[in-house]
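> So the sequence lines, in the order shown, correspond to chains A and B.
According to the working numbering, the first sequence is numbered sequentially starting from 151.
According to the working numbering, the second sequence is numbered sequentially starting from 151.
All C-beta atoms in this analysis are idealised placements derived from N, C-alpha and C, irrespective of residue type, glycine included.
Number of protein chains: 2
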Amino acid sequence: MRNTCRTLLIGLLFGSLMGCESTQSESKNIQISQQLQQQALRSNLAYDLVESLTVEVGPRLAGSEKDLIAVKWAEDKLNSLGFDRVYKEPVEVPVWDRGSAKATVISPYPQGLVITALGGSVATPADGITAPIVRFETLSDLKAAPEGSLNGKIAFIDHKTERHTTGKGYGKTVGGRSRGAVAAATKGALAIVIRSIGTDHDRMAHTGMMRYQDDVQRIPAAALSSPDADQLNLMLKRDQNVVLNLKMTPQSHGYTTSYNVIAEIIGSSKPDEIVLIGAHLDSWDEGTGALDDGAGVGIVTAAGKLIQDLPQKPARTIRVVLYAAEELGLIGGKAYAKAHKDELNKHYIAAESDFGAGLIYRIDYRVAEQAFEDVLTLSAPMISNGVAMGSNTASGGPDVSMLPKQGVPVASLRQDGRDYFDYHHTPNDTLDKVNSESLKQNVAAYAQFAYLMAQSEVELRPIEVAK
Amino acid sequence: MRNTCRTLLIGLLFGSLMGCESTQSESKNIQISQQLQQQALRSNLAYDLVESLTVEVGPRLAGSEKDLIAVKWAEDKLNSLGFDRVYKEPVEVPVWDRGSAKATVISPYPQGLVITALGGSVATPADGITAPIVRFETLSDLKAAPEGSLNGKIAFIDHKTERHTTGKGYGKTVGGRSRGAVAAATKGALAIVIRSIGTDHDRMAHTGMMRYQDDVQRIPAAALSSPDADQLNLMLKRDQNVVLNLKMTPQSHGYTTSYNVIAEIIGSSKPDEIVLIGAHLDSWDEGTGALDDGAGVGIVTAAGKLIQDLPQKPARTIRVVLYAAEELGLIGGKAYAKAHKDELNKHYIAAESDFGAGLIYRIDYRVAEQAFEDVLTLSAPMISNGVAMGSNTASGGPDVSMLPKQGVPVASLRQDGRDYFDYHHTPNDTLDKVNSESLKQNVAAYAQFAYLMAQSEVELRPIEVAK
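#1: If you measure between the beta carbons of His309/B and Arg345/B, is that distance less than 8 Å?
#2: Let me see if you follow: with CB-CB separation under 8 Å, is His351/A close to chain B or not?
#3: Do you know how far the Cα of Leu374/A is from the Cα of Ser402/A?
#4: Taking only runs that begin and end inside the stretch 495-568 of chain B, name each unbroken beta strand (DSSP E) of 3 or more residues, in chain order.
#5: So Gln381/A contacts chain B; which residues on that side make the cut at Cβ distance below 9 Å?
#6: Identify the residues that DSSP records as bridge partners of Met359/A: which are they?
#7: Do Leu589/B and Ala507/B have their beta-carbon atoms positioned less than 8 Å apart in this structure?
#8: How long is the line joining the alpha carbons of Gln591/B and Met532/B, rounded to whole angstroms?
#9: Taking the alpha carbon of Val205/B as the reference point, which residue from Asn585/A, Lys322/A, Val255/A and Val243/A has its own alpha carbon closest?
#10: Determine, using beta carbons only, whether Arg329/B and Ile412/B come nearer to each other than 8 Å.
#11: Quick check on the DSSP output: the alpha helix (DSSP H) that includes Arg235/A runs from which residue to which?
#12: Looking only at its own chain, which residues have a Cβ that is under 6 Å from the Cβ of Val393/B, when we skip the five neighbours before and after it?
#13: Quick one: does Pro296/B have its CB under 8 Å from some CB of chain A?
#14: With respect to the beta strand (DSSP E) encompassing Lys397/A, which residues constitute its N-terminal and C-terminal limits?
#15: What are the start and end residues of the beta strand (DSSP E) that includes Leu340/A?
#16: Does the beta-carbon of Ala501/A have 16 or more other beta-carbons within 10 angstroms, so that it is buried, or is it exposed?
#17: Excluding five sequence neighbours on each side, which residues of the same chain lie with their C-beta closer than 6 Å to the C-beta of Ile265/B?
#18: If you check the beta carbons only, do Met552/A and Gly482/A fall under 8 Å apart?
#19: Would you check if the stretch 262-277 of chain A and the stretch 353-370 of chain A touch, i.e. whether three or more CB-CB distances between them fall below 8 Å?
#20: Counting only beta-carbon atoms, is Glu614/A nearer than 8 Å to chain B?
#21: Per DSSP, what are the beta-bridge partners of Phe306/A in this structure?
#22: Can you name the residues of chain A whose CB is closer than 7 Å to the CB of Met385/B?
#23: So Leu472/A and Asn410/A are supposed to be a Cβ contact under 8 Å. How far apart are they, rounded?
#24: Residues in the same chain with beta-carbon distance under 6 Å from Ile510/A, minus the five sequence neighbours each way, listed in chain order, please.
#25: Could you check if Pro240/A is buried or exposed, using at least 16 other CB atoms within 10 Å of its CB as the buried criterion?
#26: Going by Cα to Cα distance, which pick from Val447/B, Met385/B, Tyr486/B and Asn391/B is closest to Tyr197/B?
#27: Taking Asn395/A as the reference, give the member of Gly278/A, Lys387/A, Leu460/A and His575/A with the closest Cα.
#28: How long is the line joining the alpha carbons of Gly437/B and Leu186/B, rounded to whole angstroms?
#29: Give every residue of the same chain whose Cβ lies closer than 7 Å to the Cβ of Pro548/A, excluding the five residues on either side of it in the sequence, and list them in chain order.
#30: At a cut of 8 Å, does the stretch 379-392 of chain B reach the stretch 602-612 of chain B through at least three beta carbon pairs?
#31: Please return the same chain residues whose Cβ sits closer than 7 Å to the Cβ of Tyr237/B, not counting the five positions on each side in sequence.
#32: In three-state DSSP terms, what is Arg327/A?
#33: Three-state secondary structure (DSSP) at Leu263/B?
#34: Looking at chain B, which residues of the stretch 245-268 of chain A have a Cβ within less than 7 Å of any of its Cβ atoms?
#35: Is DSSP giving Ser175/A helix, strand or coil here?
#36: With the cut-off set at 8 Å, would you say Ala445/A and Leu195/A are in Cβ contact?
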């Protein structure tokens, strides 16, 4: 597509073709993408899928029995929707069971606190760990503590997550969750509790994955709800010696097999080239995974279905990938990249929906610099759906974030996430939090994106390899 | 006070005395009440009290160990604030322990649900009760079910509580909580679950007292969180045969002694006449009772303290009553009415703060019809604090609601309760939900009310006895 035609093409979206040089096929693409947008805004399919997944399957922690029920659910749904091809690919996933988690202030003000185990945490001894807490503002502060200064103590990282539309507050605090246990154990701590990585004031703790390191003692790790973190602060203000008893019974049970579930609309003229739109099928175990990532599953599946039902298939194959075990460390995403290694050079572009059900306000890309303007021009039909044209710095979403390093262009369809971290990884991630209208707008955006990319004649490679 | 002077008196609040007939003492009363208002709006005492109670004591279920710690806290606080007189009066209260509560959908879509035991509920057998659920829209619908139609079933009342500033939605649904178990058992049910009596969409169940009846089988009773009630509905939409397993371990342990804790500012000229401002000290056990009723405790205590510190005490005695065991059935209020039976004719007026920390927008009274206009005139200084003059139909608040029947005038200082039932009786009733600024406005209103009533020369009796 010629750059000179960009403005006119945008004009075309809202009016008639005014002698533009664009080819007939380009205007046809625009017309079909607009038709997909309108169909998406009228369809409740994505919401119906989220409802079905959250009600009929519910929580589906990777590696659990419910995870396999979710895989079966996905295969059945994708088959019943009539995709050209539906298949699954095995993924090895760890098996971890949450058990129970209880925290009690022993002194100076005895009372229970609301906590939850971080994903992957080891258990405490049966009678718990009883020790004074030492508060740190941030993970960096904990890392700066003197060696041995936490001997016999429980570390407490109290970092508050800021609310932002982009969700950028999460990035600033999540290190305390994933790397806090190693940092605390290095200083001698018996256990670690963190203020939940969340923006709400509900008395629910936010779980999420944490990591150990082979050469460092594995200590139990839990998150406190925000009001409970406040409570500890107010106790510490009165008395620096706050003693906590922590009892947790999570267990790890080796590995099992889960699956990436995949559906395809086979391309009409370039069937070996792939436009990938993904979401993850697994969820945390305490909510029903409506926002994370039932919404994404609904969005990309419904978007794919609209294209599947077109009278004429687009040039490239569109691959809807429902990833396994994203929550446990992008395991499905990594497995996909490995299994499809030899085919990655045929991946035209990839994008994942994994940020709830908020409206999409912008699309970012990561494509060759010289292709960027053309790809924006190509995406212009999305503007009338409220999607602004963004930057060339996308990561593409968690499960496709490893693809740019292998040369695959990606896009990030940015959603309004200002309330996403109110519910993220809590029991509160339930269907009532999903706005069916914004879900439709998401489907429209993904359908337009996937279709336009599958028809695109822009060369997106080579991309600048992310550091 | 003469009615003719009313408008001028209101004018006086905002300007100078313009030759009004009001006596010097009346204008002095207005001046002092305005001074109390301004002091209240500058003081953080009420919030500090709520913080202290919720942090240092925390949850304080009547009859529990923590309840007695709360009584000690209250005595210490009231003494340290320098009230003229501080004492406590014994109240017999039941001892009930929540234990654990677990609900699991066995079929058709196995998954856990979030529930909590209703206060006073009996336990299930150790392996739980497994039975199909039968849904009813309301308690009335349950009552209309044929005899024996719930044999071997679990009743499910699904009544949604409406959000209103006045909180009137609660009155429409709470019957299902208090009387649902008796109604369900009468029809043969093995247990009952209800949609939480609450206005939120959080995955937390709302507890609250329920009652049994001697001649009816005692069956376990629990509340489901709102998202879990939705979940059951969506399952029933797909399959009418939803089987639930309910495991609950609450226990009753007879009775113990708790206390109404009382502080007085002794009246300068009519010390035997009483203006009562109350709140309840006990709370449910899952939150820290910040809104219910830490806020009330803070408000009436801080209001009393402002009057205690006046250079000249008002004519009547002001009695600050922190009631025991309101949550378990107005037990402290009833005990007070009984213990002070002979003195109730000396109670000039009574009011309780027990509706959280929302702004007071209106004051209602229940006084002699012929006194109503005068008492509104008298209360006019409260208008500049945002308190409108209301009706003559007040109940006075839960723990004083039995007093009008014994001839005692009451007032209701109406608070904005539109979010009160989001948190009420849940783990989410914590300090972060208390707005310190609206708390100050409440203190101002109670201080003005108590002072003006303690100085009033209006005869409030005889009141029309409530039916």
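In brief:
#1: yes
#2: yes
#3: 22 Å
#4: 497-502, 510-516 and 560-565
#5: Thr204, Val205, Gly208, Thr438, Thr580 and Leu581
#6: Gly269/A
#7: yes
#8: 10 Å
#9: Val255/A
#10: no
#11: Run containing Arg235/A: none in the alpha helix (DSSP H); it sits in the beta strand (DSSP E), Arg235 to Asp247.
#12: Ile256, Ser257 and Pro282
#13: no
#14: Val393 to Met398
#15: Neither: Leu340/A is in no beta strand (DSSP E) and is coded neither H nor E.
#16: buried
#17: Ala251, Ala253, Ala355, Ala372 and Leu374
#18: no
#19: yes
#20: no
#21: Arg285/A and Val343/A
#22: Val205
#23: 7 Å
#24: Val537, Leu563, Gln565, Asn592 and Ala595
#25: exposed
#26: Val447/B
#27: Gly278/A
#28: 32 Å
#29: Glu476, Leu480, Gly483, Glu502 and Asp504
#30: no
#31: Ile412
#32: helix
#33: strand
#34: Tyr259, Gln261 and Val264
#35: helix
#36: no
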